[in-house]
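Written below as structure tokens is the structure these notes are about.
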């Protein structure tokens with residue numbers, strides 16, 4: 369009998385009967401995040417274990433395809449262990465993954481609130497009827513007997529005993545009130561039962577919780593502040609959100625970067641043109657921690673302005689949308705972004721340092737130590753699209769024949785470990801790589817004995833020789849003696865492949881740089897004065913991310 373083979377797929381899937389786990393669901397369902405897929409034992413190395421796995425699956429004539437696996441849901445220890453090496457949890461032995469209990473939905477909460485309100489109304493009607501029929505001489509002031517401690521929370525409603533004032537009371541023909549009942553309201557000796565004070569609806573609120581609720585009530589009166597606080601909370605709720613919104617990998621690093629900026633200049637003014645530096649400076653009040661500034665009162669604190677700048681740089685959101693999200697005008701958004709991007713460039717650009725040879729050798733991957741032990745940098749030029757200028761001279765200076773578009777061009781250098789160690793100022797797109805390398809100041813960083821890896825287009829060997837350094841580029845084609853045209857020899861082909869394996873990482877670093885959409889989108893000409901600052905800040909933020917994975921080349 370021939371064995372049945374499933375068609376080959378591009379993702380791992382679980383071969384257990386009735387199991388729907390596969391790799392495609394990792395990004396869609398939360399329960400798949402911790403699920404792992406374990407391969408079948410090898411036919412040659414462990415045939416007995418493989419047969420045992422197939423027997424436990426109970427699939428007739430089943431030959432696992434290349435992508436077939438058994439997921440961790442079918443193992444007692446979530447993976448093969450010495451105690452439980454085989455999958456044991458299947459449908460045929462009544463194994464079912466326990467489902468997580470869903471929290472109360474809004475419908476259930478609303479239903480509970482209505483039930484509580486009905487019970488409270490019934491209780492008030494009973495008390496009112498009793499007062500009319502039996503205790504008319506007694507007057508009780510119950511205005512503040514019951515109140516809702518949390519006006520925003522509909523899950524529980526409970527009476528709070530504050531004070532009961534008995535103004536006039538006749539005690540004829542009334543039974544004495546037990547002490548245990550007198551602790552609550554004393555309605556002429558009749559025990560009153562609170563139907564809303566059972567254990568399921570009572571809540572103990574701390575002062576901190578009450579303060580937070582009061583603050584939230586105040587926020588409801590200011591919808592702009594509420595939306596701003598919710599958006600900031602959304603950005604900083606976890607490391608994944610911070611990475612997506614700002615390009616910084618974690619909240620700890622985000623706060624560290626802000627602390628550097630906050631300590632560097634406690635007070636600074638909004639940028640409002642070239643004359644802004646000559647305007648009236650901050651005035652110090654009696655409290656040194658509360659500097660007084662000129663102009664309108666700021667709606668955002670410094671941390672929120674910092675986040676606004678990062679979000680605009682990362683996602684290229686329009687000023688109109690950012691103004692709505694943060695509750696400020698579009699002109700204020702532009703002012704904040706201009707101020708902060710200049711300030712961040714002033715602080716962060718000096719931190720893009722050229723490392724020493726000892727530091728490079730200490731942190732370089734082993735593959736570089738074996739193949740190119742003296743390489744200190746990998747360089748390449750990258751271009752950023754811009755809108756077409758009106759000036760014909762500017763059009764010719766920025767038109768790139770390679771991209772067939774008007775562009776800015778910059779020189780980027782990374783260390784063997786993948787960190788950006790140098791980024792030049794922006795030049796017009798028609799400038800050659802040699803000219804940028806010569807005029808950008810990159811050669812001033814070269815030390816004797818350094819080796820720089822580059823593409824064939826960098827004709828800078830003579831410039832590096834003056835610095836007693838070496839250029840490593842793929843070899844050029846040569847005229848062959850046995851045929852027409854130019855070709856690469858076998859050794860040159862191997863050398864080209866070896867260089868290309870390592871030079872590709874500068875393109876990966878540039879790819880990280882262009883994950884900031886302000887740089888990957890077409891730059892409008894009105895942000896030209898900020899282009900160099902955005903490039904420098906983005907390069908620094910790229911260095912805060914995890915190192916490029918170059919170790920696999922070993």
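Numbering (our numbering), first residue to last: 369 to 922. Even glycine gets a Cβ: it sits at the ideal position worked out from N, Cα and C.
### Task
Would you mind reading off the limits of the beta strand (DSSP E) that contains residue 863?
Following the DSSP letters along the chain, one finds residue 863 in no beta strand (DSSP E) but inside the alpha helix (DSSP H) bounded by residues 858–881.
### Query
Within the chosen definition, does the segment 752–759 reach the segment 769–784 through at least 3 CB pairs nearer than 8 Å?
A contact exists between the segment 752–759 and the segment 769–784.
#### Entry: Any 3 or more C-beta pairs closer than 8 Å across the segment 852–860 and the segment 822–839
Between the segment 852–860 and the segment 822–839, the count of Cβ pairs shorter than 8 Å is below three; the stretches do not touch.
### Query
What do you get for residue 401, buried or exposed, if any count of 16 or more other CB atoms within 10 angstroms of its CB means buried?
Exposed is the call here.
### Query
Between which two residues does the alpha helix (DSSP H) carrying residue 665 extend?
Here residue 665 belongs to no alpha helix (DSSP H), and DSSP marks it neither H nor E.
### Query
If you draw a straight line from the C-alpha of residue 452 to the C-alpha of residue 600, how long is it?
So the alpha carbons of these two residues sit roughly 47 Å apart.
### Query
Which same chain residues, not among the five before or five after residue 626, have their C-beta less than 7 Å away from its C-beta?
The answer, listed in chain order, is 671 and 674.
### Task
Could you please give the first and the last residue of the uninterrupted alpha helix (DSSP H) stretch that includes residue 437?
In this chain, residue 437 is not harboured by any alpha helix (DSSP H); it is covered by the beta strand (DSSP E) spanning 436–439.
### Message
Need the endpoints of the beta strand (DSSP E) that residue 749 sits in, please.
### Response
From DSSP, the beta strand (DSSP E) with residue 749 extends over 743–753.
### Distance, residue 581 Cα to residue 688 Cα
Just so you know, the alpha carbons of residue 688 and residue 581 end up roughly 31 Å apart.
### Query
Where does residue 772 land, buried or exposed, given buried means 16+ other C-beta within 10 angstroms?
Looking at its Cβ environment, which holds fewer than 16 other Cβ atoms inside 10 Å, residue 772 is exposed.
### Task
Report the three-state DSSP secondary structure of residue 762 (helix, strand or coil).
Residue 762 sits in a helix when the DSSP states are folded into three classes.
### Task
Using 10 angstroms around the beta-carbon of residue 410, count the other beta-carbons present and answer buried if the total reaches 16, otherwise exposed.
Its Cβ having fewer than 16 others within 10 Å, residue 410 is exposed.
### Query
Looking only at its own chain, which residues have a Cβ that is under 7 Å from the Cβ of residue 723, when we skip the five neighbours before and after it?
Once the five neighbours on either side are set aside, the close Cβ partners of residue 723 are 783 and 789.
### Message
Using only the alpha-carbon positions, how far apart do residue 842 and residue 867 sit?
### Response
Near 6 Å, if we compare the C-alpha coordinates of residue 867 and residue 842.
### Selected residue, minimal CA-CA separation from residue 380, among 696, 793, 435 and 394
With distances taken between Cα atoms, residue 380 lies closest to 435.
#### Entry: Cα-Cα separation, residue 823 to residue 885
One C-alpha to the other measures close to 26 Å.
### Query
Going by the CB atoms, is the gap between residue 715 and residue 616 shorter than 8 Å?
Using a Cβ distance threshold of 8 Å, residue 616 and residue 715 do not count as a contacting pair.
### Query
Can you give the Cα-Cα distance for residue 384 and residue 413, rounded to whole angstroms?
Those two C-alpha atoms are separated by around 22 Å.
### Query
Are the Cβ atoms of residue 745 and residue 766 separated by less than 8 Å?
Not a contact, by the Cβ cut-off of 8 Å.
### Query
Taking one C-beta from the segment 677–696 and one from the segment 717–731 each time, how about it: are there three or more such pairs within less than 8 Å?
Short answer: they don't touch.
### Distance CB(residue 740)-CB(residue 870) smaller than 8 Å
Yes, these two residues count as a Cβ contact at 8 Å.
### Cβ neighbour criterion (16 or more within 10 Å) applied to residue 901
Classification of residue 901: buried, given that the 10 Å Cβ count is 16 or more.
### Query
CB-CB under 8 Å to residue 837, same chain, minus the five flanking residues each way: which ones, in chain order?
For residue 837, the CB contacts under 8 Å within the same chain, skipping 5 residues up- and downstream, are 814, 815, 816, 817, 818, 819 and 820 in chain order.
### Three-state class that DSSP yields for residue 559 in the structure shown
The predicted position of residue 559 is uncertain, since its pLDDT is 45 and thus under 50; no value can be drawn from it.
### Task
Check whether the Cβ atoms of residue 848 and residue 877 lie closer than 8 Å to each other.
Between residue 848 and residue 877, the C-beta gap is not smaller than 8 Å, which leaves the two residues out of contact.
### Message
Taking the beta carbon of residue 897 as the centre, do at least 16 other beta carbons fall within 10 Å, making it buried, or is it exposed?
### Response
For residue 897, the number of other beta carbons within 10 angstroms of its own is below 16, and it is reported as exposed.
### Query
If you run the structure through DSSP and keep just helix, strand and coil, what is residue 774?
Residue 774 carries a strand assignment under DSSP once its states are collapsed to helix, strand and coil.
### Task
Over the uninterrupted alpha helix (DSSP H) stretch that includes residue 628, give me the two end residues.
It spans 619–632 - the alpha helix (DSSP H) in which residue 628 sits, taken as one unbroken run.
### Task
Classify residue 610 as helix, strand or coil using the three-state DSSP reduction.
Reduced to three states, the DSSP call for residue 610 is helix.
### Query
Thinking C-alpha only, which one of 742, 702 and 805 is nearest residue 679?
With distances taken between Cα atoms, residue 679 lies closest to 702.
### Message
Can you check which of these residues, 781, 695 and 798, is closest to residue 770 by C-alpha distance?
### Response
Across the set 781, 695 and 798, the C-alpha of 798 shows the shortest separation from the C-alpha of residue 770.
### Message
Using 8 Å for Cβ pairs, my map puts residue 613 next to residue 683. What's the rounded Cβ distance?
### Response
Residue 613 to residue 683, Cβ: 7 Å. Contact.
### Query
Going by the CB atoms, is the gap between residue 913 and residue 865 shorter than 8 Å?
Cβ distance not < 8 Å, so residue 865 and residue 913 don't count as in contact.
### Query
Hey, residue 840 and residue 905: beta-carbon distance below 8 Å or not?
Residue 840 places its beta carbon 8 Å or farther from that of residue 905.
### Message
Whole angstroms are fine: how far does the CA of residue 486 sit from the CA of residue 695?
### Response
So the two alpha carbons sit approximately 40 Å from each other.
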